[in-house]
Structure formats: C-alpha cells, structure tokens
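Visitor: Just passing along the structure, written as structure tokens.
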Amino acid sequence: MSEAPEKPLINTMDGLSKSRKPQEYYEGIKQKFAEERDLRLNYRPEGTAQYTSDLTGSMAEYEIATYGGEITPREPINDTVECLFIGGGFSALLTSARLREYGVESIRIVERGADVGGTWYWNRYPGVACDVIAYDYLPLLDEMDYVPKDHYAKGPEIFAHCQAIAKKYNLYELAVFQTTVTSTIWDEEEEMWHLTTDRGDHMQARFVICANGTLSKPKLAKISGMESFQGHWFHTSRWDYDYTKEDLSGLEDKVVGIIGTGATAVQAVPGLGAASKELYVFQRTPSSIDIRDDWPTDPNWARRLKTGWQAKRRARAMMGPQLTEEQQAARASMPREEKIRRQENANIDYMMRIHKRIDEVVKDKATAESLKPWYMFMCKRPCFHNDYLPTFNRSNVHLIDTTGKGITQITEQGPVFDGKQYALDLLIYATGFEVQKTGIYNQIKGENDLDLNDKYSDGIRTLLGIHSQSYPNLFIMGGYQASFQFNLTDMLQSQGDHISACIDYVRSHGYQSIDVTPEAEEWWVQEVIHHRGKTSRNEDCTPGYYNFEGEFQRRQDGNYNGGFPQYVSHMKDIKTEMEKHFVFTQR
Ligand code: NDP
C-alpha cells in the first residue's frame, strides 16, 4: 500500500538530510538493506501465494460467529432498496451520512459481522488502538459533535463512534447483519443489481457500493503441519475471549506463541507478555517502533473548538507540510539525483534513531539486535508504541528471531525453528489480511455477465479506483488505483463524498444509471501506470504487503501514486464535467 506518513517522515522540514556523515556510511547501510531484502525474497519466492485466506472447516464457522454469538435463524429477505452497501465499516458509514444529506432514504448495509464497525468490529485484540491522531482519524466529528477522549483513540472508542454514526443516520433500520453477500449480478434489462447472500436472501438494489474494506479477510501463513497443532489457536482479528478471558487471566498458566510482528502484534504483545505464563514471539521481520505521544484530550481545548473544526483540520493536512520560499527555491534548483540521495539519507538517519531507541530500551544485546529493522522507513507499516520494546525485558517473554525465514513447520505441539520445538497451549496468528480486494466472499458480474475478476485478469481497470466500465451504478471503495493515505479515513471520506455526489447527480437528473466511459477509464489506468513507474521503491523494499511480497512488476495493479491532493483535485474536475466522463441512461 502506498501510504504517506501522517507525521513528518524525518525531522527536517523539507525532508532532505542535513547530515555531515560521509556518503559511504549511507551506502553501507543501503547495502545491508538490500541484503536483508534479498534474504527474504529468496526464502519466499512464492510471493503472495505463501498465504491463504481460504479459512474453511471449523475456522469458517468460527470466523463469522465470533463476537456475534449464535446466528439466529431468520426468513430470507426478498426486497428492493435504492442504495446497498456491501460491508458496514467506515466506507459505508461515511458515504451513507453524505447520502442522507442528499435526501436518500432507502439505504441498506449488509454486513458479515453482527454490527457495524468493520475493522473496529473484528479487531478486538488486547491493546487495539489507532496510530493516527484521533482528531483526524475519527470521521464526522463535526457532524457528530464529538471530540475524542485521547490524542490516540483505542479500539472500543472507535467502534462506539461507528455505532453512534449508524444510529444518528438511521442506518440500523434496514441493516442486515451476520450476512455475507455471495453474488452481485447486474440485470441489463431492469438496470438493477441482484444480490444473493449466504442466508438465502435475494435483494435488489439500484446502486451498490462495495464497501468491504481494505484489510478485512484474515490470512494465514501456509505452514507445513499447521493443521496438526493440538493446542488452541486463532487469528488476531477473531480473538477468542472465551479462552483468554476478557482480562487475559485465562493465560496465567498458559504457554502462548504469536506468529508475526506487524502493527497488530506490536499492539497485542505487551498485554500478552504481561498476562501469559510464557510468551514466544516468532519474528520474521521486525517493525519500526517509534514513540507514541499520547495524552488525554484537554477539555479547555475541546471547549474552544468551533463548528467545522475537523473539516478545516483535514483541509490543512491535505495541503501537506508547507515549505518556506527559500526551501522551495533550494529544492527546485537541486538535481533530481541529489534530491533522492538526500531524501534517502534522511530516511536512513530516521531508521538509525529507531535503532538507537532499541539499544536504549532493550537490555539483552542479542534481543536488541534482532529487533532492529533493516529497511527504509515506510517499506513496512511504521508502528508507534511505548510498551512493545520494554516487553522484551520481561523474563517470561522470548523473541524467536527467525532471521528472515519465518516459521515453516508446526507439529501437534507447536512451531519448530532451527530444530527446536516450541510446545504451546495457544498459538495466535498475527499474519495480516488479504489486501484491497474488491468483492471478497462475493462474485460480481456486470454487463455481458462479465465477472469483475475476469475483467481485471489483464490488469485492474477503473476510474479513480471507484468506477469500472460495464458495472453501472457500482462503486468501489478502498480498492486499488485510489490514493491511499496513512489516515485511511481521509481517503474513504473523499471517496464517499464523490460517490454520494455521483448518485445525487443521477437522481437529480432523472437518470437510471451511470457508467464510466472507456476513454475516462483508459485515461486513469495510464495515469496510474505513469505515476507507479516513477519510483523503484516497491523493488527496493524488503517484502511485505505494501509491495505485494516482492511481486513488484504490477503495472496498474496498485495504488495511484500521484499524491492525495492531486487525487482529490481529479475528483473535483471530473464532477464539473460529468457528461464527458460518464454515460447515463434515462429512467
Ligand atoms: P501484517 O501483514 O502487517 O503483518 C503480518 C506479520 O506476519 C508480518 O510481521 C510478517 O512478517 C509475519 N509473518 C507472516 N508469515 C510468517 C511466518 N511464516 N513466520 C513468522 N512471521 C510471519 O498484518 P497486521 O495484522 O500486523 O497489520 C495489518 C495492517 O493493519 C497494518 O499494516 C495496518 O495498516 C493495519 N493496522 C493498523 C493499526 C493502527 O494502529 N492503525 C494497528 C494494527 C493494524 P514479514 O514482515 O516478514 O512479512
């Protein structure tokens, strides 16, 4: 995912190193970065195929029933709504709020979980919180007249905010939970979408919004023998509190293992370390861990906020860091190679500060060395936590550094690494999610019965990552070819504003349907390719989901890298010339 950090990447205003260290110092570190990347690429040449999200058998049932309790039987639904959202997370909530402002009444959310909230419904692991400042991340604060409790919001507060949005905008009325859409098929005669679900429903909708999230389907590393494990196990987004107990007291006499050290594990490990008898953390690649500057919201500051404060804050953030005229002039006169060199050096300076902090916090020298990330900042999702590193000073917590190889074998007792068996009571998979896939669990067929995946087989084709030709009245949120931000809700809000404006345009002009023209779609595909070709970052980085696990030759199958302000500006331009970019049918 091509995300931009919400904090300045490095501590110079113009993002360029002012260091006086010799260039050989930086070249030496870059060499080490390349070696660590190659090591990992050689261990896992299968790229994304090293994972599976096909959670079948006992896991399938457990995957949906978690948190919601038993699925109560109900009669199948056979009706028609105007706007139907597949998924009930922030994508659906933000767009619905805007649709309500346009006067749309018939809105249905169909959601696999037992409530709205999306990622914040599913991810309830201990320590779950958001790394983006709450005043930016929590959307619709102006509309909801709400000021977050802390500088960084914890998971339960965000989940409650989602529920509050759904209540305020009456989204529970038609919502259907514990229900998974399995097919979404366009009827060309009727110009309506027909949807079926795993509960035997047959719903019809004029507009469908694929709001299934960017990281929603849990994935597991395919590890030899994993099915034979006789202990208890689950994925972090399907936390089994019946086993661990709400306060984790169920782990007091348990030997626990966790596979993975990404952003989720970084938040879960401190709680697990404190609660478990023994904790083994199986690491393949360390995350970069910076300080988390958290504090309770100052009530005086909150009281002084004027109506529209969040919208103003968002607009400022969108403009990015402001350079002085002098800085701009210096940048403009600098040759491109020099600029890249100084940016890279600043990035390395930052990563070396991350290393220094590890040395200061972690007492055991070998463990400290193992925790040091050797890649450029933003190759992997950066993490911010104050308790993760100190957890490794506990005598019951053991870092198993697999030096880039990962766990490749699990027996009935637990993982094996370097010939050593780790016997566990509980094994937790913190191995992430399928990334930005449109139509998970669901088959989407547009005009001529064409499956969206088949259309995409030679490369994703959209306008703005939202509209795909031959799929009229279908809108995609959080998929590829959009401009991803470290603050994801910024992007989702922009997409929601755009989609609701498009739907309003169709309704207010007496049209039945909207579809993007082939020319507009082709223009955007070329824009995406053009901007993706400008950087070798995907190739240079250590593998992970940001760079498709090292499958970097992906042309248009990724995010739009032309910058968020540019993305939003394209949206604005398109809306001023709707009839040029779209074809409409009459009612
Ligand atoms: P990730 O995909 O980021 O991490 C998966 C982890 O599993 C990696 O450390 C990976 O190692 C490791 N792994 C995979 N296979 C093996 C193996 N065989 N042996 C050992 N380790 C293995 O998933 P997360 O759930 O941590 O995070 C997903 C995303 O969710 C984040 O990037 C972030 O965008 C979001 N998130 C945001 C939070 C927030 O604060 N806002 C908090 C939590 C998540 P390797 O690195 O080598 O591939």
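Heads up, the sequence shown is in numbering that gives the first Met the number 0, so the first residue is 0 and it goes up one at a time. Each residue gets a CB set at the ideal place from its N, CA and C atoms; glycine is no exception.
Rounded to the nearest angstrom, what separates glutamate 521 and glutamine 552 at their Cα positions?
Guide: Spanning the two alpha carbons is a distance of roughly 19 Å.
Visitor: Closer than 6 Å: is that where the CB of glycine 544 sits relative to any heavy atom of ligand 1?
Guide: Here the sequence assigns tyrosine to residue 544, which means glycine is not the residue at that position. Yes, ligand 1 has a heavy atom inside 6 Å of this Cβ.
Visitor: Could you tell me whether any non-hydrogen atom of ligand 1 is closer than 6 Å to the CB of arginine 43?
Guide: It does not: the Cβ of arginine 43 is nowhere closer than 6 Å to a heavy atom of ligand 1.
Visitor: Can you give me the start and stop residues for the alpha helix (DSSP H) that isoleucine 184 sits inside?
Guide: Isoleucine 184 -> not in any alpha helix (DSSP H); beta strand (DSSP E) instead, spanning 180-186.
Visitor: Phenylalanine 228 and glycine 445 look like a contact to me (Cβ under 8 Å); what is the Cβ gap, rounded to whole Å?
Guide: Contact flag wrong, Cβ pair sits at about 42 Å.
Visitor: Output yes or no for whether 7 Å exceeds the beta carbon distance between methionine 202 and leucine 214.
Guide: The answer is no: Cβ separation not under 7 Å.
Visitor: Closest to phenylalanine 32 by C-alpha separation, out of Pro44, Arg19, Tyr455 and Glu538, would be which residue?
Guide: Cα-wise, what sits closest to phenylalanine 32 is Glu538.
Visitor: Would threonine 181 and aspartate 197 be called neighbours here (beta carbons separated by less than 7 Å)?
Guide: Yes; because the gap between Cβ atoms is below 7 Å, this pair is in contact.
Visitor: Can the beta-carbon of isoleucine 498 be found less than 7 Å from the beta-carbon of glutamine 480?
Guide: For isoleucine 498 and glutamine 480, no; Cβs fall outside 7 Å.
Visitor: Could you tell me how far apart the beta carbons of aspartate 424 and histidine 160 are, in whole angstroms, since I believe they sit closer than 8 Å?
Guide: That belief does not hold up - the Cβ atoms of aspartate 424 and histidine 160 are roughly 35 Å apart, past 8 Å.
Visitor: Please determine, among Gln22, Cys82, Lys29 and Phe563, the residue with the shortest C-alpha to C-alpha distance to aspartate 626.
Guide: There is no way to answer for residue 626, as the model of the chain reaches only from 0 to 586.
Visitor: Within the region 355-387, note down every full beta strand (DSSP E) run reaching 3 residues or more, in order along the chain.
Guide: Here no run is fully enclosed.
Visitor: Say yes only if the C-beta of phenylalanine 281 is nearer than 6 Å to one or more non-hydrogen atoms of ligand 1, and no if none qualify.
Guide: Because some heavy atom of ligand 1 lies under 6 Å away, the Cβ of phenylalanine 281 counts as near it: yes.
Visitor: From which residue to which residue does the alpha helix (DSSP H) around proline 269 run?
Guide: Counting along the chain, the alpha helix (DSSP H) containing proline 269 begins and ends at 262-274.
Visitor: Starting from threonine 575, trace the alpha helix (DSSP H) in both directions and tell me its first and last residue.
Guide: Looking at the DSSP string, the run of the alpha helix (DSSP H) that includes threonine 575 is 563-575.
Visitor: Locate the beta strand (DSSP E) running through serine 512, then write down its first and last residues.
Guide: Looking at the DSSP string, the run of the beta strand (DSSP E) that includes serine 512 is 510-515.
Visitor: In this structure, what does DSSP give as the bridge partners for tyrosine 50?
Guide: Bridge partners of tyrosine 50: Ala220.
Visitor: Return helix, strand or coil for glutamine 327, following the three-state DSSP convention.
Guide: Glutamine 327 falls in the helix class under three-state DSSP.
Visitor: Consider the C-beta atom of leucine 38 and the heavy atoms of ligand 1; say whether any pair is separated by less than 6 Å.
Guide: Every heavy atom of ligand 1 is 6 Å or more from the Cβ of leucine 38, so no.
Visitor: May I have the straight-line CA-CA distance separating glutamine 484 from threonine 407, to the nearest angstrom?
Guide: When rounded, the distance between both Cα atoms is 33 Å.
Visitor: Cα separation between methionine 577 and glutamate 104?
Guide: If you take the alpha carbons of methionine 577 and glutamate 104, they lie about 24 Å apart.
Visitor: Beta strand (DSSP E) containing threonine 584: first to last residue?
Guide: Taken as a continuous stretch (DSSP letters only), the beta strand (DSSP E) holding threonine 584 covers 581-585.
Visitor: Per DSSP, what kind of secondary structure is tryptophan 232 in: helix, strand or coil?
Guide: Here tryptophan 232 sits in strand by DSSP.
Visitor: Going by DSSP, what residues sit across from tryptophan 192 in a beta bridge?
Guide: Its beta-bridge partners are Trp185 and Ala204.
Visitor: Following a CB-centred definition, is arginine 380 positioned closer than 6 Å to any heavy atom of ligand 1?
Guide: Checking the Cβ of arginine 380 against ligand 1 gives yes.
Visitor: Could you give the uninterrupted runs of the beta strand (DSSP E) lying entirely in the region 79-113, keeping only those of 3 residues or more?
Guide: For the region 79-113, whole beta strand (DSSP E) runs of length 3 or above, ordered along the chain, are 79-85 and 106-109.
Visitor: So, with DSSP's three-state summary, where would you put cysteine 209?
Guide: Correct three-state label for cysteine 209: strand.
Visitor: Just to check, is the beta-carbon of aspartate 130 closer than 6 Å to a non-hydrogen atom of ligand 1?
Guide: Result yes, Cβ under 6 Å from ligand 1.
Visitor: Report buried or exposed for valine 290, applying the criterion of at least 16 other Cβ atoms within 10 angstroms of its Cβ.
Guide: Before going on, a small fix: residue 290 reads as isoleucine here, not valine. Exposed, by the Cβ-count rule.
Visitor: Using three-state DSSP, classify glutamine 309 as helix, strand or coil.
Guide: Helix, per DSSP.
Visitor: Thinking just about the alpha-carbon of each residue, which of Thr94, Gln565, Ser286 and Ala329 is nearest to the one in glycine 477?
Guide: Among Thr94, Gln565, Ser286 and Ala329, the Cα nearest to that of glycine 477 is on Thr94.
Visitor: Is the closest heavy atom of ligand 1 to the C-beta of glycine 431 under 6 Å?
Guide: It does: the Cβ of glycine 431 is within 6 Å (strictly closer) of some heavy atom of ligand 1.
Visitor: Specify the secondary structure class of phenylalanine 551 as computed by DSSP and reduced to three states.
Guide: In the structure shown, phenylalanine 551 sits in coil (DSSP, three-state: anything other than H, G, I, E or B).
Visitor: Assess contact between the region 462-474 and the region 237-245, defined as three or more Cβ pairs (one per stretch) separated by less than 8 Å. Is contact present?
Guide: Short answer: they don't touch.
Visitor: Does the beta-carbon distance from glycine 405 to leucine 38 come in below 7 Å?
Guide: Contact flag unset, no.
Visitor: Taking only the alpha-carbon atoms, compute the straight-line gap between phenylalanine 281 and valine 396 and give it to the nearest angstrom.
Guide: Going from the Cα of phenylalanine 281 to the Cα of valine 396 covers about 11 Å.
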